[in-house]
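Visitor:
2 protein chains.
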Amino acid sequence: MKNNATRDKLIDSGAQLISQQGYNATGINAVLKTCGVPKGSFYHYFSSKEDFGLAVIERFATRYDETLVALLEDNDTPPLERLRRYFAAGREHMHECNHATGCLIGNLGQELSGQSDTFRDALNLVFQRWEQRFVQCLKDAQAQGDIAIRTTPEALASFILTGWEGAILRAKMLKSVEPMVHFETILFQQVLVPSP
Amino acid sequence: MKNNATRDKLIDSGAQLISQQGYNATGINAVLKTCGVPKGSFYHYFSSKEDFGLAVIERFATRYDETLVALLEDNDTPPLERLRRYFAAGREHMHECNHATGCLIGNLGQELSGQSDTFRDALNLVFQRWEQRFVQCLKDAQAQGDIAIRTTPEALASFILTGWEGAILRAKMLKSVEPMVHFETILFQQVLVPSP
DNA sequence: AAAACAATAGACTGACTGGTCTACTTTAAG
DNA sequence: CTTAAAGTAGACCAGTCAGTCTATTGTTTT
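Sequence order for the protein chains is A and B. With full-length UniProt numbering applied, the first sequence corresponds to residues 1 to 196, in that order. With full-length UniProt numbering applied, the second sequence corresponds to residues 1 to 196, in that order.
1) Which residues of the UniProt domain "HTH tetR-type" (4 to 64) of chain A have a Cβ closer than 7 Å to any Cβ of chain B? Give them in chain order.
2) Tell me, to the nearest whole angstrom, how far the beta carbon of residue 113 (chain A) is from that of residue 94 (chain B); I am working on the premise that it is less than 8 Å.
3) By the 9 Å beta-carbon criterion, what residues does the region 168 to 187 of chain A contribute toward chain B?
4) Would you kindly work out how many angstroms separate the C-alpha atoms of residue 164 (chain B) and residue 28 (chain B), rounded to a whole number?
5) For the region 29 to 101 of chain B, which segments carrying the alpha helix (DSSP H) assignment without a break, of at least 4 residues, lie completely within its bounds, in sequence order?
6) Does the CB of residue 77 (chain A) have a neighbour CB from chain B at under 7 Å?
7) So if I threshold CB-CB distances at 8 Å, which residues from the region 105 to 138 of chain A count as touching chain B?
8) Is there at least one Cβ from chain B nearer than 7 Å to residue 191 (chain A)'s Cβ?
9) If you measure between the beta carbons of residue 99 (chain A) and residue 159 (chain B), is that distance less than 7 Å?
10) Jot down the residue ranges of each uninterrupted alpha helix (DSSP H) in the region 144 to 196 of chain A, minimum 4 residues, whole runs only, in chain order.
11) At 9 Å on the CB atoms, spell out the chain A contacts of residue 196 (chain B), in chain order.
12) Can you name, in chain order, every residue of its own chain whose Cβ lies under 8 Å from the Cβ of residue 133 (chain A), other than the five neighbours on each side?
13) Is it the case that the Cβ atoms of residue 139 (chain A) and residue 153 (chain A) are separated by a distance below 7 Å?
14) Are the beta-carbon atoms belonging to residue 41 (chain B) and residue 104 (chain B) less than 7 Å from one another?
15) Considering only C-alpha positions, which residue in the set B:119, B:168, B:38, B:150 is nearest to residue 191 (chain B)?
16) For the alpha helix (DSSP H) containing residue 15 (chain A), list its first residue and its last residue.
17) Classify residue 114 (chain A) as helix, strand or coil using the three-state DSSP reduction.
18) Please work out which residues of its chain come closer than 6 Å, Cβ to Cβ, to residue 126 (chain A), disregarding the five sequence neighbours upstream and downstream, and give them in chain order.
19) Could you name the residues of chain B that residue 159 (chain A) contacts, counting a contact when the two beta carbons are closer than 7 Å?
20) Using only the alpha-carbon positions, how far apart do residue 193 (chain A) and residue 146 (chain A) sit?
21) Are the beta-carbon atoms of residue 57 (chain A) and residue 122 (chain A) separated by less than 7 Å?
22) For residue 111 (chain A), does the count of other Cβ atoms within 10 angstroms reach 16, so buried, or fall short, so exposed?
23) Of all the options A:128, A:43, A:185, A:37, which has the alpha carbon lying nearest to the alpha carbon of residue 161 (chain A)?
24) Under a three-way DSSP split, which group does residue 103 (chain A) fall into?
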């Protein structure tokens, strides 16, 4: 009734195409073609392209949050090491996709937040959820005396997330993870440091 | 023959619309309508939409570089203060446009670098030019003993530019300059500091 | 077995896309 | 004054877009 294999195929194909080409540049017919589903099915499961886009976002966000929890809330690993692993995973993904996709949520935030408030709100929520994961990890690091937070954990989490998203964007343009490496280097060298 | 008032009108209207809606979401007819120019003129001055898009980028980049030079190479002002002013100007612009446009080059880099190598290369060049302006300003700051650069000026410039772009993107989604403020705060508090 | 509903199937629609075409007007040169 | 070119004007084209429609097939429920 709700969660069908066809529906899943549509969302997965959509996520892939939208990651590569963006939302506006991805036509419904293209999604249909790549997964061999007729149009009737599409409009059976989704009321509109926007509805579909929101489902793609939701699916991606849920999956991504799972890996985020696995990485950032791994209590067997020191908090700063968890962050290092998160960045390393991001870099690896960037290599895997040939510097082509980057972060779906960041991409869509850029493309759609000026176009539709519905999308903006949905994407914003995803980001806020992610930010909370970072806040928790930073608080852990602080509690263990690994870092001194001179503003607030929230401000620092915002700094890290926005900086990382910016680095991803630049990496996509440059077709090189260099900006991501620079970001990590300076972050760990000068920002995530214990009190002097 | 080349630089005509009609051509300028087209580029200006195009820049405005593309800033607000993105490249793909901006139709040629929409540009034509907002500036009252017939289609015949458009294809007289530009060979295609891509050609037009590149002209918009070039125009924007040139203008932006002028203000960048004015701000970052103002030798009457200490280097770090120049940077502060640059960020303040960016925040002001974000307010002026109601958190709607952000940075045209960043937007297009996001939207088009996966779609067209021509665009990617053009946008990349613009970013590299900007980065050089920051490198120079950071070297000035280093020479005056205002900051200690623990990596290279190039890496630090990359860090600043990507972080700032990320903050702008987030500000657009959040409809608030808060992420930009966080970025500035932590940057000046922990990264752009003299040697201990 | 029959009725009810979920799902598949794809032809079709009107609006809009980037781009072309021809005709007309203005400007400048010979 | 004539003529060629630059620029203006918009009707028009094929293709694509999101979305609709009707018809058919599967699967339950009664």
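Glycine residues also receive a C-beta, built at the ideal position from the N, C-alpha and C atoms. Only a predicted model underlies this, so the values are computations on that prediction, with no experimental measurement involved.
Guide: Quick look at the numbers:
1) 20, 21, 22, 24, 25
2) Not quite, the Cβ-Cβ distance comes to about 13 Å (not below 8 Å), so this is no contact.
3) 168, 169, 170, 171, 172, 173, 174, 175, 178, 179, 180, 181, 182, 183, 185, 186, 187
4) 31 Å
5) 39 to 45, 49 to 72, 79 to 96
6) no
7) 106, 107, 109, 110, 111, 113, 114, 115, 120, 123, 124, 127
8) yes
9) no
10) 153 to 174, 178 to 186
11) Under the 9 Å cutoff, chain A gives 196.
12) 65, 68, 69, 72, 73
13) yes
14) Cβ atoms of residue 41 (chain B) and residue 104 (chain B): not closer than 7 Å.
15) B:150
16) 5 to 21
17) coil
18) 61, 105
19) 182, 183, 186
20) 7 Å
21) yes
22) buried
23) A:128
24) coil
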